[in-house]
Amino acid sequence: MGTLSSLLKVKDSYSSSSPAHDDEFELDELEIQKGLLQVGKGLQFLSDAKVVHHNLTPEAIFVNAKGDWKIGGLGFSIFMNQPNEQSSDVYFEQNDYLPDHCQIDLDYAAPEFVLNNEVSQANDSFALACLIYTVHNKGVSLLQTFNHLRTYERKIQSLETLDYSSMPPDLRGVILRLLARQPSNRMTAVEFQSSRYFDNLLVSTMKFLESFPEKTREEKAQFMKGLARVLGQFPDRVLRRKILPSLLEELKDHQLLPYTVPNIFAITQKLSQQEFCELVLPSLKPVFSIRDPPQNMIVLLEKLDVFQQKTPREVFRDDVMPLVYAAIEAPTAVVQEKALRIIPSLAESLDYTTVKNSLFPRVQTLFVQTTILSVKVSTLICFHSMIKVIDKYTMQEKMVPLLKNIKTKEPAVMLATLAVYDEMGKHLDKEIIATEILPQLWRMSFGPLLNLDQFKKFMKTIRELTSRVEEAHTRHLQEVKSLEEQTRTVSANATVGASKTSQITGDDSMSFESLVQGKASQNNSSEDIFSSMQSSNSYGGLTATIASTAAAAATTPTNQIWPHTTPSRQSPMMTPMNVSSSSSVFSVTRSQASKSTESLSWSAPSNPIPTLPTPPTFHSSANTSNPSSLLNSMNALSIHPPTAKPNYSAVRDVSLTPAPSTRPASTNNLSNMGLLQPTSNYTSQQNAPSLSSSSGHKITNLNAFDPLS
Numbered sequence: 000m001g002t003l004s005s006l007l008k009v010k011d012s013y014s015s016s017s018p019a020h021d022d023e024f025e026l027d028e029l030e031i032q033k034g035l036l037q038v039g040k041g042l043q044f045l046s047d048a049k050v051v052h053h054n055l056t057p058e059a060i061f062v063n064a065k066g067d068w069k070i071g072g073l074g075f076s077i078f079m080n081q082p083n084e085q086s087s088d089v090y091f092e093q094n095d096y097l098p099d100h101c102q103i104d105l106d107y108a109a110p111e112f113v114l115n116n117e118v119s120q121a122n123d124s125f126a127l128a129c130l131i132y133t134v135h136n137k138g139v140s141l142l143q144t145f146n147h148l149r150t151y152e153r154k155i156q157s158l159e160t161l162d163y164s165s166m167p168p169d170l171r172g173v174i175l176r177l178l179a180r181q182p183s184n185r186m187t188a189v190e191f192q193s194s195r196y197f198d199n200l201l202v203s204t205m206k207f208l209e210s211f212p213e214k215t216r217e218e219k220a221q222f223m224k225g226l227a228r229v230l231g232q233f234p235d236r237v238l239r240r241k242i243l244p245s246l247l248e249e250l251k252d253h254q255l256l257p258y259t260v261p262n263i264f265a266i267t268q269k270l271s272q273q274e275f276c277e278l279v280l281p282s283l284k285p286v287f288s289i290r291d292p293p294q295n296m297i298v299l300l301e302k303l304d305v306f307q308q309k310t311p312r313e314v315f316r317d318d319v320m321p322l323v324y325a326a327i328e329a330p331t332a333v334v335q336e337k338a339l340r341i342i343p344s345l346a347e348s349l350d351y352t353t354v355k356n357s358l359f360p361r362v363q364t365l366f367v368q369t370t371i372l373s374v375k376v377s378t379l380i381c382f383h384s385m386i387k388v389i390d391k392y393t394m395q396e397k398m399v400p401l402l403k404n405i406k407t408k409e410p411a412v413m414l415a416t417l418a419v420y421d422e423m424g425k426h427l428d429k430e431i432i433a434t435e436i437l438p439q440l441w442r443m444s445f446g447p448l449l450n451l452d453q454f455k456k457f458m459k460t461i462r463e464l465t466s467r468v469e470e471a472h473t474r475h476l477q478e479v480k481s482l483e484e485q486t487r488t489v490s491a492n493a494t495v496g497a498s499k500t501s502q503i504t505g506d507d508s509m510s511f512e513s514l515v516q517g518k519a520s521q522n523n524s525s526e527d528i529f530s531s532m533q534s535s536n537s538y539g540g541l542t543a544t545i546a547s548t549a550a551a552a553a554t555t556p557t558n559q560i561w562p563h564t565t566p567s568r569q570s571p572m573m574t575p576m577n578v579s580s581s582s583s584v585f586s587v588t589r590s591q592a593s594k595s596t597e598s599l600s601w602s603a604p605s606n607p608i609p610t611l612p613t614p615p616t617f618h619s620s621a622n623t624s625n626p627s628s629l630l631n632s633m634n635a636l637s638i639h640p641p642t643a644k645p646n647y648s649a650v651r652d653v654s655l656t657p658a659p660s661t662r663p664a665s666t667n668n669l670s671n672m673g674l675l676q677p678t679s680n681y682t683s684q685q686n687a688p689s690l691s692s693s694s695g696h697k698i699t700n701l702n703a704f705d706p707l708s
């Protein structure tokens, strides 16, 4: 820290501008007492060595980090080698041309030496009195001579009239005796140490602590037991700088650890986190692994909350948790149980990795190995506290099988296990609860040592878990059912959409490859839409009728569309379609084929269908030799799409009277799909060609199988 003079001057210099430094450097009375006592010890040592310091000033007192005062500046010391303890060849000499630091300071020089050149041990006693006054007077010396000899002489003559009110009451008498004009009347260093000024408990405690290595183990143990009662009376600076380092040095004595550690933690309450990590923790870490005596670990475990407060999370995990691990693995059941009782308060503050990889495996091993009932119950309590930290997999794969192997029937163990199962039921899946936990709880509930209240606790937990499983599984099945219904609806919509798309586009829809490779026109000229429609059951009857009619028309003269029928010929509606003939006759484009799918699904009647008495004939223009003209003239037949009921109004309304056709025949657009034009596309029956009668030909009476008649 520096010299005593620097401390006093720093305080004096910064008293007005920085009040924060006042508290830092202001010397407490106990610190002054301790320092003066140490100076008295130093003077006693010099007296025993026949040495006179001869310049005992604040600059000659050095203060270390512990607050100890050490005597230095022995440049003006004198060895007393004369028999009468005086040296006649030494005298005071003052040179105005030399700096003050190179000369004896007159403010602390004894008058017999300055005025009479007398050297004795009493010279240092007078200097000690001046030093005490300066310390208590905020750095201002008693004589204030400014190294002027005449001023010194005048001050010496008025010593008895000086003001000593700033001195403590017990110290005033000591100063007056030390300032006696006659050296023989002054107090010696030994008498100074035994004065009433140092007669108090705190100073005596520090004196005992300084001589601690000389004491027996019994005396040390008694001192440590009583030290905790007086630690609160010491200044914080004395505790940190003087007492705490002394206690940390005593940690080497393992037998005194149960008495030393509580005092250390009583002091650490006033330390900051950084001070604790720098001053205390490095000395405590070697003690964590000491198992003998067991009280060492018990005392340290009791202070685990202080470790949590005074260390960062990472430091606690890396440096303090090994103490808990060592306690769990200790061979003494008392230490194990103490550690297990502390773990629940630590579990939630620890991170997931530490609990899963370091803490849980050790508790698990102890649970399996221990045969002590209290330890086993404590491990179950630890499991209960760790459930909130560990993951579901660890509970399912490690904790559930571990609890399943419990053999004891003790109520304490079973109730602790019940609590663990109850807590796990809040986190595990319904399958594990139903197949692993509930059967185990039922078996445990019939334990022979359980009373009625304990059995009711089991039943309550079983009902809660069962209800939880039921709700979860019911909700799961409802979700599955809802998903199936949605899937079925989507599939049905997709089927209907695909059917409509097939009806619109036809079975002969071109592929993407054909479209982009330019093969669509070739396929259109060779494909036969009616050949593919033969396989459709819904249009089989109507297709057969159209195909038969077209085949008959191909063999008739050019001026007739409908051929003459003989009595032996069957009705055209019952004639099966010839695939080859229909393919040659009904060659259509792809756009016309797409309309064919909108025809009505008719089926052939089982009974013979009566025919009309006089079949109508179409009056078409010239060039009707092409069979497709027949199909063009049949546009008058309006047929509804499959999604609506059959509409036979077009057939019923056909006039049997010949009417001229106002629709010109086209040889370029040969379409045999005109018969299948839906009613919605039929613009006007006046524009449609009318049917005319042909001799010897009968048209099928469609009213015979009208479902509306």
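Residues 0 to 708 in numbering that gives the first Met the number 0 are what the sequence shown lists, from first letter to last.
C-beta atoms are modelled at their ideal positions from N, C-alpha and C, and glycine is treated no differently.
Could you pull the start and end residues of the alpha helix (DSSP H) that residue i belongs to?
i, result
"I174", "168 to 177"
"V319", "Neither: V319 is in no alpha helix (DSSP H) and is coded neither H nor E."
"G225", "216 to 229"
"M394", "First-last for M394: undefined, no H or E at that position."
"H147", "Premise fails: H147 is in no alpha helix (DSSP H) and is neither H nor E."
"T259", "256 to 267"
"A329", "Note, A329: premise wrong, no alpha helix (DSSP H); not H, not E."
"K746", "Only positions 0 to 708 of the chain appear in this structure, which leaves residue 746 out of reach."
"Q308", "303 to 309"
"A128", "121 to 135"
"M186", "Premise fails: M186 is in no alpha helix (DSSP H) and is neither H nor E."
"S444", "437 to 444"
"S210", "Counting along the chain, S210 falls outside any alpha helix (DSSP H), and DSSP gives it neither H nor E."
"H383", "372 to 385"
"R361", "359 to 368"
"P234", "Where P234 is concerned, there is no enclosing alpha helix (DSSP H), given that its DSSP letter is neither H nor E."
"S282", "280 to 283"
"N356", "Segment: none, N356 is in no alpha helix (DSSP H) and carries neither H nor E."
Which residues in the same chain as residue i place their Cβ atom closer than 8 Å to its Cβ, once the five residues preceding and following it in sequence are excluded?
i, result
"F315", "F306, Q307"
"D390", "Y351, K355"
"N136", "S165"
"P343", "I380, C381, H383, S384"
"P321", "F287, S288"
"I131", "L35, M166, L170, V173, I174, L177"
Determine which residues share a DSSP beta bridge with residue i and list them.
i, result
"V51", "I77"
"R70", "The amino acid at residue 70 is misidentified as Arg; the sequence shows Ile. For I70, which the question treats as bridged, DSSP gives the partners I60."
"G1", "V62"
For residue i, collect the residues of the same chain with a Cβ closer than 6 Å to its Cβ; drop the 5 residues on either side in sequence, then sort them by chain order.
i, result
"E422", "H383, I386"
"S288", "A325"
"L42", "D123, A188"
"I432", "G424, L464, V468"
For residue i, which residues from the same chain have a beta carbon less than 7 Å from its beta carbon, with the 5 sequence-adjacent residues on both sides left out?
i, result
"L208", "I242, S245"
"T488", "none"
"V319", "F306, T310"
"Q93", "Q102, L148"
Buried or exposed: residue i, going by 16 or more other Cβ atoms within 10 Å of its Cβ?
i, result
"D428", "exposed"
"R185", "buried"
"Y96", "exposed"
"K269", "exposed"
"G39", "buried"
"P110", "buried"
"G34", "buried"
"S377", "buried"
"L36", "buried"
"G66", "buried"
"L372", "exposed"
Does at least one heavy atom of the ligand FAD sit under 7 Å from the Cβ of residue i?
i, result
"A179", "With respect to small molecules bound, the structure shown includes none, and the ligand FAD cannot be examined in it."
Are the C-beta of residue i and some C-beta of chain D separated by less than 8 Å?
i, result
"P321", "The structure shown contains no chain D; it is built from a single protein chain."
For the segment 201 to 221 and the segment 130 to 147, state whether three or more C-beta atom pairs, one from each stretch, are separated by less than 8 Å. Not touching, per the Cβ criterion.
Specify whether the segment 448 to 458 and the segment 411 to 426 touch according to this definition: at least 3 beta carbon pairs, one from each stretch, less than 8 Å apart. Under the three-pair Cβ rule at 8 Å, the segment 448 to 458 counts as touching the segment 411 to 426.
Does the structure place the segment 218 to 229 close enough to the segment 251 to 267 that three or more beta carbon pairs sit under 8 Å? Touching, yes.
For the structure I just gave you, are there three or more beta carbon pairs, one from the segment 69 to 76 and one from the segment 229 to 240, closer than 8 Å? The segment 69 to 76 makes no contact with the segment 229 to 240: fewer than 3 CB pairs, one atom from each, lie closer than 8 Å.
Does the segment 148 to 168 come close enough to the segment 52 to 61 that 3 or more CB-CB pairs lie under 8 Å? Not touching, per the Cβ criterion.
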